[in-house]
Amino acid sequence: MTDQERFMKEAIRQAKKARALEEVPIGCVIVYEGKIIARGYNRRNTDKNTLSHAELNAIRKASRKLGDWRLEGCTMYVTLEPCQMCSGALVQSRIDEVVIGCMNPKAGCAGSVMNLLQIDGFNHQVKITQGVLEEECSEMLSTFFKELREKKKQAKMLKKQEAERLAGQQVQEEDT
720 MTDQERFMKE AIRQAKKARA LEEVPIGCVI VYEGKIIARG YNRRNTDKNT LSHAELNAIR
780 KASRKLGDWR LEGCTMYVTL EPCQMCSGAL VQSRIDEVVI GCMNPKAGCA GSVMNLLQID
840 GFNHQVKITQ GVLEEECSEM LSTFFKELRE KKKQAKMLKK QEAERLAGQQ VQEEDT
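Counting in the numbering used here, the sequence shown tops out at residue 895, every number present.
As structure tokens, this is what we get:
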């Protein structure tokens, strides 16, 4: 197992923590000098805060650990391509490299929808490596969303059945 795979495995472990909270399973670790210095996972619904993305949670912890907002020399491993907000935070925090498990064709800003990490006019560009343990990362997200759609479908069906039951009950009461 390569170092990249080892660190991505830890990001996947973090994503599973998010999944246990019924959050979108996205996980992240930040590595400095070959060691994990911060971990994060998606907590948006749990925290009721749009800023509680895995990447931002890990960046906050890494900054505290290093005592600096500049995370030069650090590499982030994240299970899903960062969104525009997280990509901006990667540039602002001066992280050297981001290693991505799977790409996000709907909202990814490290090359899918756009690439905010390597704009020439910015004072910092982030190196991008894609596809580390891609299948595992992608499958985890696909399974989550499939299960979520099924839960919503079942909830809708139960709601409909309950409405029909109540309507039938009301008709019986009117007849008596």
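C-beta atoms are modelled at their ideal positions from N, C-alpha and C, and glycine is treated no differently.
Because the structure is a prediction, the values reported are computed rather than measured.
| Check | Outcome |
| --- | --- |
| Less than 8 angstroms separating the beta-carbons of valine 851 and glutamate 816? | no |
| Check the Cβ-Cβ distances between alanine 829 and every residue of chain C, and say whether any is below 8 angstroms. | No chain C appears in the structure shown, which is made up of a single protein chain. |
| Looking at glycine 753: is its Cβ nearer than 8 angstroms to the Cβ of glutamine 733? | no |
| Select from Arg789, Glu853, Ser806, Arg884 the residue whose C-alpha is nearest the C-alpha of glutamate 774. | Ser806 |
| Can you tell which of Gln803, Ser861, Thr798 has the C-alpha that lies nearest to the C-alpha of glutamine 723? | Thr798 |
| For the putative contact between tyrosine 796 and valine 810, defined by C-beta atoms under 8 angstroms, what is the C-beta separation to the nearest angstrom? | At roughly 17 angstroms, the Cβ-Cβ gap does not stay under 8 angstroms, so tyrosine 796 and valine 810 are not in contact. |
| Tell me which same chain residues have a C-beta within less than 8 angstroms of the C-beta of lysine 736, skipping the five on either side of it? | Gly746, Tyr760 |
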